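Those sequence lines, one after another, are chains Y and H.
For the first sequence, the working numbering assigns the number 647 to the initial residue and increments by one for each residue that follows.
For the second sequence, the working numbering assigns the number 287 to the initial residue and increments by one for each residue that follows.
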Amino acid sequence: MNLFNIIDEIEKVDPEIHERLNPRRAAIKNITSFGSKVAVAAMPFALGTLFKKAYGQASSSVVEVLNFALTLEHLEAAFYNAGAAKTGLIPAGDTSYLNLIKRDENAHVNFLTTVITSLNGTPVGPATYDFTGGNNKGNGPFQDVLSNYATFLAVAQVLEDTGVRAYKGQAPNLIGNKDILTPALSIHAVEARHASAIRKLRHDLGHDANIKPYIVSTATLGNDTGVAAANNNYKGEENVTQGGVNLVSALKASVGVATASFDEPLTKDEVVALVIGSFIVTD
Amino acid sequence: MKTEINPITGGANMARRSFLRYAGASAAAVAVMGTAASCSKNDPIFITPGGGTDIGSGDPGILNFAYALEQLEAAFYLQVVATPYSGISSIETAYLTDIRDHEVLHRDFFKAALGSKAIGTLTTDFSTINFSDRTSVLNAAKLLEDTGVQAYDGAGYLIKDAGYLTIAGKIVSVEARHAALISNLITPGSFVGSDQVDGDGLNKSATIAEVLAGANGFLKTKVSAVNYNYKP
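Have a look at this one:
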């Protein structure tokens with residue numbers, strides 16, 4: 647293999663690699679001069695470190711995205727863990743169904759923590775949570791979340807749908823990054839599977855006779871859950887224009903079909919406003 | 287943690303593994319450039335000798351890949367709703383009609399968005415599906431939905447334009463909602479089955495070649511992706 651081609655390749659991704667890796671620049675120079683024998687002998691190790699550093703440095707924003715995702719996964723995992731721990735909340739017949747989601751959310755926490763660590767980042771830990779949405783006062787809009795199964799599932803649905811939107815909003819920040827975008831999209835899809843499953847469960851239990859596994863908005867209201875406190879979690883889902891194509895006027899779709907066919911993203915700031923200072927406790 | 291599934295998490299080996307993937311990708315990129323250079327520069331699509339269609343390259347290529355899958359899904363659900371299987375329930379009719387409408391809209395959206403770069407209308411072959419049998423229909427639906435999710439997840443990194451990537455994201459989560467619904471109709475509680483979701487809680491993803499190899503089983507008009515190492 648040709649080391650100089652590799653450096654060139656890395657430069658294409660990170661043009662400032664030499665500036666970022668000052669100590670290594672000396673090593674690279676050495677290869678071409680008097681230290682070449684030593685440097686070549688040490689090359690496999692040096693190259694690995696070099697690439698890892700380049701990758702880690704170039705991906706500081708990637709770590710930020712992953713920590714944002716991890717923040718949400720901690721919330722979701724803690725939510726399902728708390729639900730499972732609360733005696734009498736989840737009927738025996740639904741335990742295994744909800745345990746699958748609990749399993750996945752905890753797996754996401756472990757996975758993201760490992761990835762962030764491998765990128766030389768510092769993974770965020772769990773926070774303090776108030777599942778009533780009351781920022782540790784316990785008086786949020788979902789006060790009986792851990793005593794009323796219907797409320798628990800309503801909050802679960804809102805968290806899952808919001809999680810889908812959050813991952814979607816971050817995809818452009820990982821554009822072209824196969825190693826990170828692909829798993830992020832893969833978690834995104836699993837959150838959507840959860841959202842579908844929770845919605846179907848709420849329908850089948852009669853908690854909401856009209857709820858579908860997908861988000862069916864009206865022209866003026868994104869929120870299809872009937873939970874007014876969650877309106878902002880669904881804000882924007884009423885969009886019917888995709889890539890400049892108005893699905894209703896140009897393609898003759900109904901608003902319900904147009905909105906259900908495309909899930910909308912949320913920005914990081916929007917998600918933070920929805921969950922921090924309510925579900926995720928701040929001082 | 288299964289490192290064979292997620293090499294990026296392989297701890298000390300991460301840099302080396304990433305490098306190997308990177309080097310492989312570079313070699314592939316060179317190969318693709320070589321292939322592209324031998325073709326006409328401006329044709330996003332071209333007809334293969336066997337009467338099939340190639341998705342082309344670049345973002346239009348990825349969008350055409352999605353368009354091909356949406357055509358397949360739309361045609362399937364149009365048939366499902368037109369000739370319902372015996373014993374279909376009212377809620378199943380409602381769900382399958384909804385999904386039909388979503389897939390038809392996805393199809394029409396891609397056609398509109400691609401404009402002159404869109405591949406033609408594909409002819410389907412559903413001769414292996416018994417549309418009067420619930421199990422046959424739902425198993426085919428599961429295959430199509432799961433494949434759709436794996437396809438979008440696997441091809442996402444190839445999209446260069448942030449707007450297109452977001453649109454792909456908007457669609458894939460709806461496909462995942464469908465996939466979970468269909469799985470739950472077949473076997474309640476199978477919405478994140480181990481056939482689709484791994485031990486890290488990640489949905490499986492597939493390459494363009496893997497997806498088309500499967501999709502072509504339902505297509506008379508074979509779809510190729512020569513720029514992505516796939517010929518039927």
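We put the beta carbon where it would ideally sit given N, CA and C, even for glycine.
Keep in mind that this is a model prediction, so the values were computed, not measured.
Taking the alpha helix (DSSP H) that residue i falls in, what are its first and last residues?
i	result
Tyr381 (chain H)	376-400
Thr473 (chain H)	Run containing Thr473 (chain H): none; DSSP gives neither H nor E here.
Asp439 (chain H)	420-441
Asn755 (chain Y)	Looking at the sequence provided, one finds Val at residue 755 (chain Y) rather than Asn. 741-764 is the extent of the alpha helix (DSSP H) around Val755 (chain Y).
Lys490 (chain H)	Premise fails: Lys490 (chain H) is in no alpha helix (DSSP H) and is neither H nor E.
Leu366 (chain H)	Strictly speaking, residue 366 (chain H) in this sequence is Val, with Leu absent from that position. Taken as a continuous stretch (DSSP letters only), the alpha helix (DSSP H) holding Val366 (chain H) covers 344-368.
Thr905 (chain Y)	901-907
Leu920 (chain Y)	914-921
Are the Cβ atoms of residue i and residue j separated by less than 8 Å?
i	j	result
Ala835 (chain Y)	Ala448 (chain H)	no
Leu799 (chain Y)	Arg848 (chain Y)	yes
Arg420 (chain H)	Gly479 (chain H)	no
Ala904 (chain Y)	Leu391 (chain H)	yes
Gly902 (chain Y)	Val927 (chain Y)	no
Ala843 (chain Y)	Asn502 (chain H)	no
Ala399 (chain H)	Gly889 (chain Y)	yes
Asp345 (chain H)	Ala511 (chain H)	no
Ala796 (chain Y)	Tyr813 (chain Y)	no
Ala730 (chain Y)	Asn745 (chain Y)	yes
Phe412 (chain H)	Phe362 (chain H)	yes
Tyr726 (chain Y)	Glu710 (chain Y)	no
Lys824 (chain Y)	Tyr443 (chain H)	yes
Thr913 (chain Y)	Gly780 (chain Y)	no
Leu735 (chain Y)	Leu792 (chain Y)	yes
Ala753 (chain Y)	Gly485 (chain H)	yes
Ile445 (chain H)	Phe908 (chain Y)	no
Ala360 (chain H)	Arg393 (chain H)	yes
Pull up the distance between the alpha-carbon of residue i and that of residue j, whole angstroms please.
i	j	result
Val708 (chain Y)	Glu884 (chain Y)	30 Å
Pro787 (chain Y)	Phe396 (chain H)	41 Å
Ala323 (chain H)	Ile821 (chain Y)	Residue confidence for Ala323 (chain H) is low, a pLDDT of 35 falling below 50, so the modelled location carries little weight; the figure read from the coordinates is stated next. Computed Cα separation, rounded: 25 Å.
Gly868 (chain Y)	Glu378 (chain H)	25 Å
Thr828 (chain Y)	Arg845 (chain Y)	26 Å
Leu349 (chain H)	Glu910 (chain Y)	19 Å
Asn756 (chain Y)	Phe714 (chain Y)	14 Å
Gly337 (chain H)	Ser418 (chain H)	31 Å
Lys732 (chain Y)	Ser459 (chain H)	31 Å
Tyr880 (chain Y)	Pro518 (chain H)	42 Å
Ala817 (chain Y)	Asn785 (chain Y)	34 Å
Thr507 (chain H)	Phe351 (chain H)	13 Å
Asn878 (chain Y)	Asp807 (chain Y)	12 Å
Val921 (chain Y)	Ala896 (chain Y)	36 Å
Tyr371 (chain H)	Lys490 (chain H)	30 Å
Leu408 (chain H)	Gly440 (chain H)	22 Å
Ser764 (chain Y)	Ser832 (chain Y)	19 Å
Val891 (chain Y)	Asp776 (chain Y)	41 Å
Ala380 (chain H)	Thr866 (chain Y)	24 Å
Leu382 (chain H)	Ala855 (chain Y)	17 Å
Ile405 (chain H)	Phe925 (chain Y)	47 Å
Ser251 (chain H)	Ile415 (chain H)	In the structure as shown, chain H starts at 287 and stops at 518, and residue 251 (chain H) therefore has no counterpart that could be examined.
Val435 (chain H)	Ala465 (chain H)	8 Å
Glu496 (chain H)	Leu712 (chain Y)	28 Å
Ile333 (chain H)	Leu498 (chain H)	Residue placement at Ile333 (chain H) is flagged as unreliable, the pLDDT there being 49, under the threshold of 50; the coordinate-derived value follows with that caveat. Taking the straight line joining both Cα atoms gives about 16 Å.
Lys898 (chain Y)	Gly401 (chain H)	17 Å
Thr608 (chain Y)	Glu837 (chain Y)	Limits of chain Y in this structure are 647 at one end and 929 at the other, which puts residue 608 (chain Y) out of reach.
Val509 (chain H)	Tyr353 (chain H)	11 Å
Ser376 (chain H)	Val886 (chain Y)	28 Å
Ala738 (chain Y)	Asp850 (chain Y)	16 Å
Asp387 (chain H)	Thr864 (chain Y)	16 Å
Asn766 (chain Y)	Ile857 (chain Y)	43 Å
Arg749 (chain Y)	Glu389 (chain H)	31 Å
Asn794 (chain Y)	Val918 (chain Y)	26 Å
Contact defined as beta carbons within less than 8 Å: I believe residue i pairs with residue j. What is the distance between those atoms, to the nearest angstrom?
i	j	result
Thr871 (chain Y)	Gln803 (chain Y)	6 Å
Leu721 (chain Y)	Ile762 (chain Y)	Between Ile762 (chain Y) and Leu721 (chain Y) the Cβ distance is about 16 Å, and since that is not below 8 Å, they are no contact.
Leu358 (chain H)	Leu505 (chain H)	7 Å
Gln789 (chain Y)	Thr778 (chain Y)	5 Å
Leu424 (chain H)	Ile385 (chain H)	With 8 Å as the limit, Leu424 (chain H) and Ile385 (chain H) do not qualify as a contact, their Cβ atoms being about 11 Å apart.
Asp432 (chain H)	Gln482 (chain H)	5 Å
Gly475 (chain H)	Tyr743 (chain Y)	5 Å
Pro859 (chain Y)	Leu467 (chain H)	4 Å
> Where are the alpha helix (DSSP H) runs, 4 residues long or more, that stay fully inside the stretch 812-859 of chain Y, in chain order?
Replying inline: Listed in chain order, they are 824-850.
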